[in-house]
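Residue numbers (mature numbering (1 follows the signal peptide of the UniProt record, and there is no 0)): -24 to -1, 1 to 747.
Notes to accompany the following structure.
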């Protein structure tokens, strides 16, 4: 090609730009100095705040210049200024207007956006830019599209006429937003659309006259990814979430969820964060449920708050409520599921310092079953005092609380309870063992308002008293050691043996005159063998004169990763009369059931967790659970089994007659799995079978296709809802076929949300090893 003198070319461009900073150079494409445009995000934060102050390089095959008017470059023209690069068949510099016009196969890249256009006009002095018949792609955030006309005003803002935007890759227009006008700000990562509509496979889905949507990871007000589904339960369902960035420290997510068979549901999630507080308010409202019109408006709400102030004070609120007890059974909700039996409604104000731990607390429950009226704690004042090392290693503490219990159930008494519990503890510890001894004195006073006769489960009148003083001493000593050795059967493994023993003494005290206000039987697993109480709360203090003994053995590999843990233990009752007569009505020995638990992790692929309780009196397993899982990455298959005898339920849970719940106890088999077939296809499923009633409780099958910018899923589920003629007779099922569709890539989203299925039995990891 023709070569022009460096001084002439430089003078020509300098005159065209009317600035001493400009520099132009005509070079050959083959001299190794060509700067091809990049297709990656390359924001240069070190460059001048005004990119117009950057020098300009121009490369071309030929140049035609009229001094003082214009310079025209032709043939593979490359113009660079800072991060900005323009390539075209022809570029003309207009001297007086400081304008660059590129025509023919124009490609512009400024490190944040890349465009392919028929024509580009750039005012270098103002950084104003216009493009015609353009395809564009954001390089730092997801998004690309087409436009008849694009103009750039200022450093970041792009205005688009008759354009589209999508997060799908090049050549894939599975979904896209189209609008008559768009304002796109890559710096703020937000797009504003006017007269917008969304198309799926070129089929219009919905229209909005105005909308904003995020195009990156920044928190911005706008529409997030919509989704749609079609199922036999709710009919056609369309969900449109809108995010509101109200302030730096609080925001709101509202979701418009249209269900063909139910109506329009509004969901909201308000979050806040201050220097001393954090929390969220979530709610769901369905004005009229067309499927169950007799239930009226249906809603659910949940509020959580944690506040700390003045270092010592705190305020905590945990409140949940639904409009009716069948809400979670009938609706798919993120606030709960149909296995929930109650909702907590609690608030407390606390004060804590080095010695004191105090609280004022109110508590209520919404019980999600018929004809159940729980006790309300209205209120409770708690004050605990701790004084460590009062004499050597001896610690002193004083627990106290005053509680007022009320209920709407007139068949139950109301009460004011005052409880004081001083105690001393002597903890001794070394690197290989611990020995803790404690003595406590429980003093409790009850003022009970007995409004009606109270009956026990056998129909006998309980001899409750209006005023009761109860004083019970308690003594406990617990010791454990940790022994360690290298294994001989498995090379480079370490085994521990951790035996422990406890003696517990609580004298027998008549408590027939006291009602149970906040007392339930605690779980009787291996770790429960070494508790000091059988019941939560203080209304029922079980007598004890017993020795608990047991041991754990753990195996660690060469990386000190725990691979196997086995624990087993039992209680020996020195006084057979202290053995719980409700749990062991036909006891013939002084021994409790054996409790055995096992956790196993083989090669980080095969996992097992299991536990049993073997009743030595009945020579049978009274309770058991077992879970086996094989996992490779996100692919897994899990089998589990749960077993509880009817006698165990009757003797440990105060439910009275349980024949309306179960006839033969619990015996359920479950099978779950998930497998990624390839990059796009995922399948999963779960199945639960009740062997006592010989019926499938619930099953779910899912298959989902995920592309780079959208997903499509199919769900098929069947769930046991109730029995038409009593348990075991004529089961009633709910079946649901569901097709769901949605887009990804908006607001930083890269994967579809989990599909709501309403199943009560969720997946859980089968091991709890410490690694």
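The beta carbon of each residue, even a glycine, is placed where N, CA and C say it ideally should be.
The model shown is predicted, which means the values in this text are computed figures rather than measured ones.
Cβ-based neighbour list, residue i, same chain, cut-off 6 Å, excluding 5 preceding and 5 following
i           : result
residue 91  : 84, 107, 110 and 112
residue 378 : 357 and 394
residue 159 : 135 and 168
residue 291 : 283 and 325
residue 452 : 414, 480 and 508
residue 447 : 419
residue 532 : 470 and 538
residue 289 : 327
residue 655 : none
residue 421 : 394 and 445
residue 273 : 263
residue 473 : 459 and 529
Reference residue i, options the options, closest by Cα
i           : options               : result
residue 800 : 198, 392, 377 and 242 : A query on residue 800 cannot be resolved here, the shown segment of the chain reaching from -24 to 747 and no further.
residue 204 : 221, 187 and 182      : 182
residue 101 : 541, 70 and 115       : 70
residue 470 : 254, 537, 245 and 405 : 537
residue 687 : 703, 76, 450 and 657  : 657
residue 645 : 239, 383, 674 and 487 : 674
residue 385 : 429, 367 and 364      : 429
residue 245 : 65, 202 and 261       : 261
residue 704 : 667, 676 and 683      : 667
Pairwise C-alpha distance: residue j and residue i
i           : j           : result
residue 216 : residue 152 : 15 Å
residue 197 : residue 271 : 35 Å
residue 247 : residue 718 : 25 Å
residue 461 : residue 530 : 11 Å
residue 491 : residue 517 : 12 Å
residue 765 : residue 476 : Look at the range of the chain in this structure, -24 to 747, and you will see that residue 765 is not part of it.
residue 316 : residue 444 : 35 Å
residue 595 : residue 565 : 12 Å
residue 524 : residue 611 : 41 Å
residue 748 : residue 504 : Residue 748 cannot be examined here, being either before or after the span of the chain that is shown, -24 to 747.
residue 527 : residue 545 : 6 Å
residue 540 : residue 500 : 22 Å
residue 512 : residue 353 : 15 Å
residue 266 : residue 613 : 39 Å
residue 715 : residue 296 : 31 Å
residue 209 : residue 361 : 55 Å
residue 791 : residue 639 : Nothing can be reported for residue 791, as the shown portion of the chain is limited to -24 through 747.
residue 570 : residue 620 : 15 Å
residue 43  : residue 95  : 24 Å
residue 373 : residue 514 : 17 Å
Three-state secondary structure assigned by DSSP to residue i
i           : result
residue 498 : coil
residue 625 : helix
residue 453 : strand
residue 539 : strand
residue 518 : coil
residue 346 : coil
residue 302 : coil
residue 504 : helix
residue 250 : coil
residue 655 : coil
residue 60  : strand
residue 750 : No statement about residue 750 is possible, as the shown extent of the chain runs from -24 to 747 and does not include it.
residue 12  : Summary for residue 12: the model assigns pLDDT 40, below 50, so the residue's position carries little reliability; its value from the coordinates is reported in the next sentence. Looking at residue 12 - three-state DSSP - the assignment turns out to be coil, as it is neither helix nor strand.
residue 260 : strand
residue 552 : helix
residue 269 : helix
residue 569 : coil
residue 332 : strand
residue 36  : coil
residue 320 : strand
residue 575 : strand
Close Cβ partners of residue i (< 7 Å) along its chain, the five nearest in sequence each way excluded
i           : result
residue 341 : 318, 319, 320, 321 and 350
residue 129 : 104 and 135
residue 149 : 142
Contact set for residue i: own chain, Cβ-Cβ below 8 Å, skip 5 residues either direction
i           : result
residue 370 : 400, 401 and 402
residue 5   : Confidence is the limiting factor: at residue 5 the pLDDT is only 37, short of 50, which leaves the residue's position unreliable, though a coordinate-based value still follows. Once the five neighbours on either side are set aside, the close Cβ partners of residue 5 are 35, 37 and 52.
residue 188 : 166, 167, 168, 169, 196, 197, 198 and 199
residue 220 : 197, 227, 228, 229 and 230
Below-8 Å beta-carbon distance, residue i vs any chain B residue
i           : result
residue 167 : Of the protein chains in the structure, only one exists, and it is not chain B.
message: Whether or not the stretch 423 to 438 and the stretch 396 to 409 are in contact is what I'm after, with contact meaning three or more pairs of Cβ atoms, one per stretch, closer than 8 Å; do they touch?
response: no
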